[in-house]
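Peer 1: Just dropping this structure here.
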Amino acid sequence: MTADASRPRVLVIEDERAIQRFLRVGLDAEGYAVDEAATGREGLTLAAMHVPDVVLLDLGLPDRDGLSVLSGFREWSSVPVIVLTARGQEHDKVRALDAGADDYVTKPFSMPELLARIRVALRHRTLGADGAEDAVLDCGRVRVDLARRRVTVDERELSLTPLEFRLITTLARHAGRVLTHEFLLREVWGNAARGQAHYLRVYMSQLRRKVEADPTRPRILLTELGVGYRMKDS
Amino acid sequence: MLEPHRPAAPPGPTVAARGLDPRADSVSGRARGPRAYVLALGLVAACTGLAFVMERHFAPANLTMIYLLGVVISATAFGRRPAIVAAIASVAVFDFLFVPPRFTFEVDDTQYLVTFGVMLVVAVVIGTLTAWLREQRELAARREKRTAVLYQLSRDLGACSTVREVATAAAERITAVQGAPVAVLLASATGELRPEAGAVEVLTPELLAMAQNAWHQPARLSPPDQPGTASMLPIEAGVSVAGVLVLFPAGGTAPGPEDMHLMRALAHQTGLALERCRLTAEAERARLEAETERMRSALLSSVSHDLRTPLAAITGAASQLRAEQPALPEAAREALAESIVEEATRLDRLIGNLLDMTRLESGMPRLQKEWQPLEDLLGAVLGHLDDALAGRPVRVVLPEDLPLVSLDSLLFGQVVTNLVGNAARYSPAGTEIELRAAVEGDQLRFEVADRGPGFAPGELDRVFEKFFRGREAARAPGTGLGLAISRAAVEAHGGTLVAENRSAGGARLVLKLPLGTAPPPMAPEPREHDSPAPTS
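If you read the protein sequences in the order shown, they are chains A and B.
Start counting the first sequence at 1; every next residue gets the next number (the working numbering).
Start counting the second sequence at 1001; every next residue gets the next number (the working numbering).
What follows is the structure, encoded as structure tokens:
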């Protein structure tokens, strides 16, 4: 792989050859520079050497627990990490997200799905980098005007309670990324609401009735069962 | 010949009467010990008084009849030995007081010697006979009591189906019979002797050690040497010793042979019941094993077929792509790629179902129940099913005020996915699928209905069996696991899931869940002007 400085660099830490192979093909075709590591140790070394723009981290590595690799990264780097997990490991997903992972995809996943997640992660990285926040969060159909406290969906202005406004702002600020129940509760209600996930669920339902055309078939405010919520990005 | 068939009576009180029924004394009305002899002699004195009164009108020979009467009464009331003493005393007193020369033991007329002899013999014979009859009666009563006790125990044990129940029932019954605490210790599967039922709290380490000994060497068992210590009885079940019965002393005295005999019979019966339980459990285990074996082969045949079909499709499509890619028209390449993705999805679903089934059957990890609006979960599931639904109309009818329900969202999401996925697979494309929820009493009723062919009559319950493929289902791809998993998952939530046919045609699956107590109330939302401006 020729290291081209202008191309975004993806570090893939994954021990399964088959998955490594199709990831390399797909990422390569999409114009990413790909580094590959089959163990957590190798991954951490490569990350220190080549400073990737995005890390894809398999949680089931042979040498060490994926979560410990993740916290290894987080000690010195804020590089976006997307976790690759298997079905039925929702608990691990939540732990990984709470430990600083930016997103996850569940195996088996489709390449377009993964590429979309990588794009979201890269965009948030550039957003985070310049420090200042836009006065308007534009997430496609949803626009949040922070200064004027206005939220519109498809140009239709919503009348929101303060908590609903705070909730949709938090989701919009991280649009495209999954946010865990714990994270949303902390951001919107503060630490006092820890473990009161039903607060969040009730408010989410209320918000959906205002945002979605059909709240039983949400298109914007998506539920990730057992993990949290995600606002659909443009 | 007159000696009754029974083991030599122990000196002093009869064991059976003492041990088995403390009221035995008063019931039989028998006086015992020296008191019997005193009373017998008192009876002789009374006869003497009567004889004095009658002397004026009767010949002395007739007075012997009065004494005979006294001896007979003594025999009946006090037993053989007091009767013989009474007979001898009667002869002596009669001789002394009534036979000339009176007030001496001399006898003028040798005829009286015959009278004495006959009187003595008659007294002994009658005394022995009446005593024998009485003993027979007592023996019969004891046997009856013993039979009744054994019958009661066997009736109690008959109602038991587990080892624990047997132990408890036996301990209760034997405690009642003995009138003192008993403890039942049973051999566990790990080869230890463990207290199981009865007065286990008073078992001291010494007693436990004694029980251990008794269990290891049942042949050496004997009643305790001294009164006041507990006795150990092996509970024999078939060829092995299933446990030990510890009998605490009743009223501080050691149980006699009669008691031990009955206790042994009770222990034996308990052992038989334990053996019966063991055999029943073994038969059940064998049945389960056979069932598991049957399931395993059904699983294997289903899995090998259902896993291979999508794999065959994937292999076929992928190999064509590899070999002929340049020659293939664009549309054909897309169709092949499409079929690879579809079949892989199907394979993933199948494996997911198999894993869910295994998890549910091997004793689910604890449900992660959380209070949530049903709408939230339905939205997520329907979102995932977009491809399977292929733009088909889905009507969701939820009352505005539907309360929160406590669910494991992943497991329950799987249930809804299975139900809606089934509805989509088994009803014609384009027909409506209806999801409807309502509160019914203290339950949530949730149903998924389609406009397909419905279930064949007689299949309504069988569709929940693992690997059962209905008449209609056989034509569509599936594993026959979805409904089985769904029912198991709903039951894990304390609910029910049944299949129905809609009157206007189509299948309907009705799920009912207990609503439980309402979740803690929400904190009221701060008013607009209190809230800080939501900027970071």
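Even glycine gets a Cβ: it sits at the ideal position worked out from N, Cα and C.
Note that the structure is predicted; figures quoted are calculated from it, not measured.
With three or more beta-carbon pairs closer than 8 Å as the criterion, would you say the region 1458 to 1466 of chain B touches the region 1497 to 1509 of chain B?
Peer 2: Segments in contact, yes.
Peer 1: Return no unless some Cβ of chain A is closer than 8 Å to the Cβ of B:GLU1491.
Peer 2: No, B:GLU1491 does not count as interfacial toward chain A.
Peer 1: Compare the C-beta of B:GLU1370 against all C-beta atoms of chain A and say whether one is closer than 8 Å.
Peer 2: Yes, B:GLU1370 counts as interfacial toward chain A.
Peer 1: Can you give the beta carbon distance from A:LEU84 to A:LEU61, rounded, assuming they're within the 8 Å contact cut?
Peer 2: With 8 Å as the limit, A:LEU84 and A:LEU61 do not qualify as a contact, their Cβ atoms being about 10 Å apart.
Peer 1: Please list, in chain order, all residues of the same chain as B:ILE1433 whose beta carbon is under 6 Å from its beta carbon, the five residues on each side excluded.
Peer 2: These residues qualify, in order along the chain: VAL1394, ALA1423 and ASP1450.
Peer 1: Do A:LEU225 and B:LEU1377 count as a contact pair if the criterion is CB distance below 8 Å?
Peer 2: Contact: yes.
Peer 1: How would you label B:MET1232, buried or exposed, when you count the other beta carbons within 10 angstroms and need 16 or more for buried?
Peer 2: Buried, because 16 or more other Cβ atoms sit within 10 Å of the Cβ of B:MET1232.
Peer 1: At what residues does the alpha helix (DSSP H) containing B:PHE1096 begin and finish?
Peer 2: Run containing B:PHE1096: 1080 to 1098, per the alpha helix (DSSP H) assignment.
Peer 1: Between which two residues does the beta strand (DSSP E) containing A:CYS139 stretch?
Peer 2: Unbroken beta strand (DSSP E) run through A:CYS139: 136 to 139.
Peer 1: Checking the sheet assignment: what are the DSSP bridge partners for B:GLY1552?
Peer 2: Residue 1552 of chain B is absent from the model: chain B starts at 1001 and stops at 1536.
Peer 1: Taking only three categories from DSSP, how would you classify B:SER1568?
Peer 2: Because chain B in this structure spans residues 1001 to 1536, residue 1568 of chain B falls outside the shown range and cannot be described.
Peer 1: In the DSSP assignment, find the unbroken beta strand (DSSP E) run with B:ARG1445 in it and report its ends.
Peer 2: First-last of the beta strand (DSSP E) with B:ARG1445: 1443 to 1449.
Peer 1: Which residues in chain B have a C-beta closer than 7 Å to the C-beta of A:ALA197? List them in chain order.
Peer 2: Near A:ALA197 (Cβ distances below 7 Å), the residues of chain B are GLU1370.
Peer 1: State the DSSP-derived secondary structure class of B:GLY1383, mapped to helix, strand or coil.
Peer 2: The answer is helix: DSSP assigns B:GLY1383 an H, G or I state.
Peer 1: Contact criterion: CB-CB distance below 8 Å. Does B:ASP1450 meet it with respect to chain A?
Peer 2: It does not; no Cβ of chain A falls within 8 Å.
Peer 1: Indicate the three-state DSSP secondary structure (helix, strand or coil) for B:LEU1157 in the structure shown.
Peer 2: DSSP places B:LEU1157 in helix when its eight states are reduced to three.
Peer 1: Mind checking if B:GLY1391 is an interface residue toward chain A, Cβ cutoff 8 Å exclusive?
Peer 2: False, the Cβ-Cβ gap to chain A never drops below 8 Å.
Peer 1: In three-state terms, what does DSSP make of A:GLY72?
Peer 2: Helix.
Peer 1: Buried or exposed for B:TYR1112, going by 16 or more other Cβ atoms inside 10 Å?
Peer 2: Looking at its Cβ environment, which holds 16 or more other Cβ atoms inside 10 Å, B:TYR1112 is buried.
Peer 1: Residues of the region 1387 to 1412 of chain B with a CB closer than 8 Å to any CB of chain A: list them in chain order, please.
Peer 2: Taking 8 Å as the Cβ-Cβ cut-off against chain A, the residues of the region 1387 to 1412 of chain B that qualify are VAL1394, VAL1396, LEU1398, LEU1404, SER1409 and LEU1410.
Peer 1: In the DSSP output, what is B:MET1295 paired with across the bridge?
Peer 2: According to DSSP, B:MET1295 bridges with nothing at all.
Peer 1: Can you check which of these residues, B:LEU1336, B:ALA1312, B:LEU1311 and B:PRO1310, is closest to B:ARG1322 by C-alpha distance?
Peer 2: The option with the nearest alpha carbon to B:ARG1322 is B:LEU1336.
Peer 1: I want to see whether chain A comes within less than 8 Å of B:ASP1376, judged by CB atoms only; does it?
Peer 2: Yes, B:ASP1376 counts as interfacial toward chain A.
Peer 1: Decide if B:GLY1413 is buried, meaning its Cβ has at least 16 other Cβ atoms within 10 Å, or exposed.
Peer 2: By the neighbour-count rule (16 or more Cβ atoms within 10 Å), B:GLY1413 is buried.
Peer 1: Can a CB atom of chain B be found closer than 8 Å to the CB of A:GLU113?
Peer 2: False, the Cβ-Cβ gap to chain B never drops below 8 Å.
Peer 1: Verify the CB distance criterion: does B:ASP1348 have a CB-CB separation below 8 Å to chain A?
Peer 2: Yes, B:ASP1348 counts as interfacial toward chain A.
Peer 1: When the Cα atoms are used, what is the spatial distance from B:GLY1421 to B:ALA1183?
Peer 2: Distance between the alpha carbons of B:GLY1421 and B:ALA1183 is about 58 Å.
Peer 1: Please report the Cβ distance between B:ILE1235 and B:GLY1271, rounded to the nearest whole angstrom; I am assuming they are in contact, meaning their Cβ atoms lie under 8 Å.
Peer 2: That belief holds up - the Cβ atoms of B:ILE1235 and B:GLY1271 are roughly 5 Å apart, short of 8 Å.
Peer 1: The beta strand (DSSP E) spanning B:VAL1498 covers which residue range?
Peer 2: Run containing B:VAL1498: 1496 to 1501, per the beta strand (DSSP E) assignment.
Peer 1: Between which two residues does the alpha helix (DSSP H) containing A:THR106 stretch?
Peer 2: A:THR106 -> not in any alpha helix (DSSP H); beta strand (DSSP E) instead, spanning 103 to 107.
Peer 1: Starting from the C-beta of A:PRO215, find all residues in its chain whose C-beta is less than 8 Å away, skip the five residues before and the five after it, and write them out in chain order.
Peer 2: Taken in chain order, the residues that qualify are SER205, ARG208 and ARG209.
Peer 1: Applying a beta-carbon distance threshold of less than 9 Å, which residues of chain B neighbour A:MET204?
Peer 2: Under the 9 Å cutoff, chain B gives PRO1373 and ASP1376.
Peer 1: With DSSP as the reference, label B:SER1231 as helix, strand or coil.
Peer 2: In this structure, B:SER1231 counts as strand in the three-state DSSP scheme.
Peer 1: Determine the burial state of B:LEU1057: buried for a count of at least 16 other Cβ atoms within 10 Å of its Cβ, exposed for fewer.
Peer 2: It should be pointed out that residue 1057 of chain B corresponds to His in this sequence rather than to Leu. Exposed, because fewer than 16 other Cβ atoms sit within 10 Å of the Cβ of B:HIS1057.
Peer 1: Does B:GLU1236 come out as helix, strand or coil in the three-state DSSP assignment?
Peer 2: It is a strand residue.
Peer 1: Kindly indicate which three-state DSSP category A:TYR229 falls into: helix, strand or coil?
Peer 2: DSSP places A:TYR229 in strand when its eight states are reduced to three.
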